[in-house]
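Notes to accompany the following structure.
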Amino acid sequence: MGPTIAVWKFSSCDGCQLTLLDCEDELLGILGRVQIAYFPEATRAEIEGPWDLSLVEGSVTTPEEAERIKEIREKSGLVVAIGACATAGGIQALRNWADVKEYASTVYAHPEYLETLATSTPHSDHIAVDLELQGCPISKVQLVDALLAVLAGRRPNVPTDAVCTECKRRQTPCVQVLGTPCLGPVTQAGCGAICPAFARGCYGCFGPKETPNTVSLAKRWSEMGASEDTLLRAFRTFNGYKPAFREESARHDG
Amino acid sequence: MTDETRTIKTDYLARVEGEGGMLIRLKGNEIEEVKLNIFEPPRFFEAFLRGRYFTEAPDITARICGICPVAYQTAAINSMESICGVTVEPQIKALRRLLYCGEWIESHALHIYMLHAPDFLGYPSAIEIAKDAPEVVETALRLKKIGNHIMTVVGGREIHPINVKVGGFYKAPSKAELEAMVPDLEWALETSLETVKWANTLDFPDFEMDYEFAALDAAGVYPIEGGERFVSNRGLDIPIDEFYEHVVEEHVKHANALQGHLKERGSFLVGPLARYALWYDLLSDEARGAAEGVGLPKVVKNPFKSILVRSVELVEACVEALRLIREYEQPAESSIEVKPKAGAACGASEAPRGTLCHRYEIDDEGIILDATITPPTAQNQPQIEADLRGFVGQFMDLSNEELTLRCEQAIRNYDPCISCATHFLTLEIERG
Ligand code: SF4
Ligand code: SF4
């Protein structure tokens, strides 16, 4: 029957789980080899745990979510965190630098109805995660590879180098050399270097690569005319709470 | 008749975007309570947009919803361009509409075949349909893929496109790149015409509601990527900038979300049924022909038939995409420079699920001072509850199991997007 897979949603936009449904060419093939045990966005049917693999989308922002991820960990063979929300806290982690009570009263008339935590955190702050796929949203190629790897019992191929390598591979002229500030040098590969291919600087949606030299990149941006505020905002977006970007943004938070 | 209390309940609704549940309580033949529970946790976009730079709004708000990012990006852009007093050239507008057609095709195909059809065919999901009738799911996936492909060619990728910005696009595609999509789109058009016929073979409960339909008025074209006025079949007709002057928010306890209704008359409906009822005459010959071919009236009041109307809109999106590609000429400049200007304005677009309105206030430096976002499902939520009331009142004799399934289906009629729920506003719209 194939391994059981559960797809869980935490605080998120649903984009990463939609990526699975967007694998139009591979979807039916993969579905034929696994049992979908829980995937409410796609099906009413449920199979009780334990599950061989749990894909976890979204960040932890409520007390209920903090509990739920622990239960999922206990009942899952492998836990794979998918996307910037699940691996870095996502864009909603901007609350981590603010007063969440003030946030709640900005948006809601009765903030007392809400149950929410002061922070938005990745699952790795709560449990041991077996694999993280970065990106806002994740890459289809990496997702399919991770699923096939699980089926074959091999290690998935997750790149650790920078977006720059992908630009070189597709022979996109460096946008930064042409005068457009780009986070590509510090951002993990995986998207296929789409932004530079569209004459846009990378804005870091795949999050920091392994050991990124953010200090030297920030210096380069300053020389190109970027203000401290611009640098602060650039590092504090979808992956702003991931340590490498968090530390760099702090350097510009005056 | 007994006075027994009967509870119809689904803790976690499947095949909708986001986290919600449903609770209906009956006492004898009285409906005591109808609730669409929203427990999707709030993400506070409106709060953290404050202090961000105005050009960041499209990329940030895209992350409210992975199913309709283009709707968010476009509404944000419309608002910012309105504040800054710029108008982009026709070819840029055409590209925006084309990108948006891609999102409609993707989203409608997903909903029709994979989220809604299982209700009609009696399956828990499209995965099981695939076992018995793989061709249905293969059709859905190919249609979806064609929609996604438009978003990739024009927008850079299908989820959270990277190529759109305030002022235009980072890079405009060449005519040849767009023309390469024509054969696929021709197939998609044929297939959507078949989809309308197929949807017409489904069984629909005999149920109608008397709706107030609301949608954007796009000045002579079927509303998709924008519109200057917000209108209804009962006399609502306001400039989009007045959207929130007619809106009062309410925050109800059972929803991490704020909900919407017209002050004088209660709930209203946005989305395919509304666009179709208001702008039937603006549909292409092909789309109108498809509707006529299956005897679909100009105004559809049975919400279960939204699957048919969505199919007609699928035809429309394919026809429009083909026309836009045919008429496209690559602009010399892919964008215009937009300098920030202090001010406030609303911007809206027609998400696959209905009207989406954003309002921003920015300062001279381009810093966002205030943001308000009202997604379609927020506006529809009271109407969804009203439909449930009406439906349960009429079909009380069904078994609990059957009634639960049908009520879930009644919710899915709206293709509700609860991920957007973080800002469900309760809207009250007054007559201007
Ligand atoms: S990482 Fe981005 S795309 Fe994925 S769920 Fe979070 S906001 Fe959506
Ligand atoms: S280039 Fe950077 S911002 Fe653009 S999609 Fe890739 S990782 Fe994301």
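Listed in order, the protein sequences are those of chains C and G.
By my numbering, the letter at position 121 of the first sequence is numbered 121, and the numbering carries on one by one without gaps.
In my numbering, each residue carries its 1-based index in the second sequence increased by 1000.
Ideal Cβ placement from N, Cα and C applies to all residues, glycine included.
These figures come from a predicted structure and were not determined experimentally.
* To do: Could you check the C-alpha separation between residue 1415/G and residue 230/C for me, to the nearest Å?
  => Taking the second sequence and counting its residues from 1, the one referred to as residue 1415/G is at position 415. Taking the first sequence and counting its residues from 1, the one referred to as residue 230/C is at position 230. If I take the Cα positions, the gap works out to 38 Å.
* **Proximity test, Cβ basis, 8 Å: residue 118/C and chain G** => Position 118 of the first sequence holds residue 118/C. Not one chain G Cβ lies under 8 Å of residue 118/C.
* Counting pairs of Cβ atoms below 8 Å between the region 179-188 of chain C and the region 215-228 of chain C, do you hit three or more? -> yes
* To do: Indicate whether at least one CB of chain C lies closer than 8 Å to the CB of residue 1052/G.
  => Position 52 of the second sequence, counted from the first residue, corresponds to residue 1052/G. Closer than 8 Å to some Cβ of chain C, the Cβ of residue 1052/G qualifies, so yes.
* **Segment limits, beta strand (DSSP E) that includes residue 1020/G** => One-based indexing of the second sequence puts residue 1020/G at position 20. Run containing residue 1020/G: 1020-1027, per the beta strand (DSSP E) assignment.
* Please indicate yes or no: does the CB of residue 163/C lie closer than 7 Å to some heavy atom of ligand 2? => Here the question's residue 163/C lines up with position 163 in the first sequence. Under cutoff, so the answer is yes.
* Going straight from the alpha carbon of residue 1089/G to that of residue 1173/G, what length do you get? -> Taking the second sequence and counting its residues from 1, the one referred to as residue 1089/G is at position 89. Taking the second sequence and counting its residues from 1, the one referred to as residue 1173/G is at position 173. Each residue's alpha carbon lies about 15 Å from the other.
* To do: Answer with yes or no whether the minimum CB distance from residue 1430/G to chain C is below 8 Å.
  => Mapped onto the second sequence, residue 1430/G falls at position 430. At residue 1430/G the pLDDT is 30, less than 50, meaning the model places this residue with poor confidence; the figure from the coordinates comes in the next sentence. No, no contact with chain C.
* To do: Leaving out five residues on either side along the sequence, give the residues of the same chain with a beta carbon under 7 Å from the beta carbon of residue 1156/G.
  => Against the second sequence, residue 1156/G aligns to sequence position 156. Correct list, in chain order: 1162, 1163.
* Asked: Does the region 1239-1246 of chain G come close enough to the region 1176-1190 of chain G to have 3 or more Cβ pairs within less than 8 Å?
  -> no
* What alpha helix (DSSP H) runs, 4 residues minimum, are completely inside the region 41-119 of chain C? -> 63-75, 83-88, 100-107
* Asked: Of the residues that make up the region 1122-1142 of chain G, which ones have a beta carbon closer than 8 Å to any beta carbon in chain C?
  -> 1124, 1125, 1126, 1127, 1128, 1130, 1134, 1137, 1138, 1141, 1142
* Check distances from the C-beta atoms of the region 1025-1045 of chain G to those of chain C and list, in chain order, the residues that come in under 7 Å. => 1041, 1042, 1043, 1044
* Can you name, in chain order, every residue of its own chain whose Cβ lies under 6 Å from the Cβ of residue 164/C, other than the five neighbours on each side? -> Your numbering for residue 164/C matches position 164 in the first sequence. Only 184, 185 meet the Cβ criterion.
* **Those residues which DSSP pairs with residue 1417/G across a bridge** => To locate residue 1417/G, count along the second sequence from 1; it is residue 417. Bridge partners of residue 1417/G: 1017/G.
* To do: Assuming residue 1271/G contacts residue 1074/G (C-beta within less than 8 Å), just tell me the rounded distance between them.
  => If you number the second sequence from 1, residue 1271/G lands on position 271. If you number the second sequence from 1, residue 1074/G lands on position 74. Between residue 1074/G and residue 1271/G the Cβ distance is about 16 Å, and since that is not below 8 Å, they are no contact.
* Inter-residue spacing [alpha-carbon to alpha-carbon] between residue 1143/G and residue 1365/G -> The sequence position of residue 1143/G within the second sequence is 143, counting from 1. The sequence position of residue 1365/G within the second sequence is 365, counting from 1. Taking the straight line joining both Cα atoms gives about 43 Å.
* Asked: residue 1212/G by DSSP, collapsed to three states: which one?
  -> Along the second sequence, read from residue 1 onward, the residue named residue 1212/G stands at position 212. Residue 1212/G: coil per DSSP, three-state reduction.
* Asked: Does the beta carbon of residue 196/C fall short of 7 Å from some heavy atom of ligand 2?
  -> Locating residue 196/C in the first sequence gives position 196, counting from the first residue. Residue 196/C Cβ: within cutoff of ligand 2.
* **Endpoints, the alpha helix (DSSP H) within which residue 1360/G is located** => Position 360 of the second sequence, counting from 1, holds the residue named residue 1360/G. Residue 1360/G -> not in any alpha helix (DSSP H); beta strand (DSSP E) instead, spanning 1354-1362.
* Check whether the Cβ of residue 22/C lies closer than 7 Å to any heavy atom of ligand 4, and answer yes or no. => Ligands displayed in this structure: ligand 1 and ligand 2; ligand 4 is not among them.
* **Residues of its chain near residue 1071/G, where Cβ-Cβ distance is below 8 Å and the 5 sequence neighbours each way are ignored** => Along the second sequence, one-based indexing puts residue 1071/G at 71. Result list for residue 1071/G: 1065, 1100, 1103, 1349, 1350, 1351, 1352, 1356, in chain order.
* To do: Below 9 Å between beta carbons is the criterion; list the residues of the region 1159-1182 of chain G that meet it against any residue of chain C, in chain order.
  => 1159, 1160, 1162, 1163, 1165, 1169, 1170, 1171
* To do: Give the DSSP-derived three-state secondary structure of residue 242/C in the structure shown.
  => Working through the first sequence from its first residue, we reach residue 242/C at position 242. Residue state, collapsed to three classes: coil.
* May I have the straight-line CA-CA distance separating residue 1086/G from residue 8/C, to the nearest angstrom? => Here residue 1086/G corresponds to residue number 86 of the second sequence, with the count starting at 1. Here residue 8/C corresponds to residue number 8 of the first sequence, with the count starting at 1. Each residue's alpha carbon lies about 43 Å from the other.
* How is residue 1196/G classed by DSSP in three states: helix, strand or coil? -> One-based indexing of the second sequence puts residue 1196/G at position 196. Residue state, collapsed to three classes: helix.
* To do: Within its chain, find whatever has a CB closer than 6 Å to the CB of residue 29/C; leave out the 5 residues flanking it on each side and keep chain order.
  => In the first sequence, counting from the first residue as 1, residue 29/C sits at position 29. Closer than 6 Å at Cβ, skipping near neighbours: no residue.
* Can you give me the Cβ contacts of residue 1409/G inside the same chain, cut-off strictly under 6 Å, excluding the 5 residues immediately before and after it? => Sequence index remark: in the second sequence, residue 1409/G carries index 409 (1-based). Cβ neighbours of residue 1409/G beyond the five flanking positions: 1119.
* Which whole-angstrom value is the C-beta distance of residue 14/C and residue 1067/G, which I expect to be below 8 Å? -> Counting from one through the first sequence, the residue named residue 14/C turns up at place 14. Counting from one through the second sequence, the residue named residue 1067/G turns up at place 67. So it is a contact: roughly 6 Å between Cβ atoms.
* Residues bridged to residue 1053/G (per DSSP) -> Within the second sequence, the letter at position 53 stands for residue 1053/G. Paired residues: 1367/G.
* My understanding is that residue 1447/G touches residue 43/C, with C-beta atoms under 8 Å, so please give their C-beta distance in whole angstroms. => Residue numbering for chain G in the displayed model covers 1001 to 1432; residue 1447/G lies beyond these limits and cannot be assessed.
* Cβ of residue 84/C within 7 Å of any heavy atom in ligand 1? -> Residue mapping note: residue 84/C aligns to position 84 of the first sequence, counting from 1. Residue 84/C Cβ: within cutoff of ligand 1.
* Between the region 1401-1408 of chain G and the region 1003-1017 of chain G, do three or more beta carbon pairs fall short of 8 Å? -> yes
* Could you tell me which chain C residues have their CB closer than 9 Å to the CB of residue 1145/G, listed as they occur along the chain? => Your numbering for residue 1145/G matches position 145 in the second sequence. Chain C residues near residue 1145/G: 22, 24, 25.
* Going by the C-beta, is residue 123/C closer than 7 Å to any heavy atom of ligand 1? -> Translated into positions along the first sequence, residue 123/C becomes position 123. Outside the cutoff, so no.
* To do: Find the residues of chain G that neighbour residue 238/C, judging by a C-beta separation of less than 8 Å, and give them in chain order.
  => Numbered from its first residue, the first sequence carries residue 238/C at position 238. In chain order: 1063.
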